[in-house]
Every structure is written in structure tokens, then in C-alpha cells.
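In my numbering, the protein residues as written are 4 to 65.
Ideal placement from N, C-alpha and C gives every residue a C-beta, glycine not left out.
Notes to accompany the following structure.
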Ligand code: SF4
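Put into C-alpha cells, the structure is as follows:
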């Protein structure tokens, strides 16, 4: 599974980083995804980050 943040959509609220710091990190005023595949132990948190995002800027595929 791979997470992506749609840069133009992200409003920089930081909720995804709170929910899943294993995958998301703030870079300036946007969130970005660390690394490549989502670690197995972080999948649940990554799904929470996706559902927490107020502007649906997160996609998870694979
Ligand atoms: S939760 Fe959504 S809007 Fe907020 S920082 Fe993360 S990707 Fe951006």
C-alpha cells in the first residue's frame, strides 16, 4: 500500500501527522509522505489519517 498527499488540496492542518506519524510529516505548510510503501504496522493509522483529512487530500492505493 502506498499513500499520497495531493499537494494542491492539502491545507496543512496536521491531522494526518497526528494520526499516523509513521507515514506523514509536515514539510513547510503541507504534509508529505515519508518513504515508499506504508509499513504493515502503520496501515491502520494511515487509514485513520485518510479519514481524518478534512479536504480528502490523502489517497491510499495498493
Ligand atoms: S490531514 Fe489532509 S489537509 Fe491536513 S495536513 Fe494532512 S493531508 Fe493536509
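Taking the CB atoms as reference points, tell me whether residue 15 and residue 34 lie closer together than 8 Å. Here residue 15 corresponds to residue number 12 of the chain shown, with the count starting at 1. Here residue 34 corresponds to residue number 31 of the chain shown, with the count starting at 1. Yes.
What does the alpha-carbon distance come out to for the pair residue 54 and residue 20? If you number the chain shown from 1, residue 54 lands on position 51. If you number the chain shown from 1, residue 20 lands on position 17. Rounded to whole angstroms, the gap between the alpha carbons of residue 54 and residue 20 is 13 Å.
How should residue 61 be labelled, buried or exposed, when 16 other C-beta atoms within 10 angstroms of its C-beta is the threshold for buried? Mapped onto the chain shown, residue 61 falls at position 58. Residue 61 is buried by the Cβ-count criterion.
Under DSSP, the beta strand (DSSP E) around residue 5 begins and ends at which residues? To locate residue 5, count along the chain shown from 1; it is residue 2. That run of the beta strand (DSSP E) goes 5-8.
Please report the straight-line C-alpha distance between residue 11 and residue 40, rounded to a whole angstrom. Sequence index remark: in the chain shown, residue 11 carries index 8 (1-based). Sequence index remark: in the chain shown, residue 40 carries index 37 (1-based). Roughly 22 Å between the two C-alpha positions.
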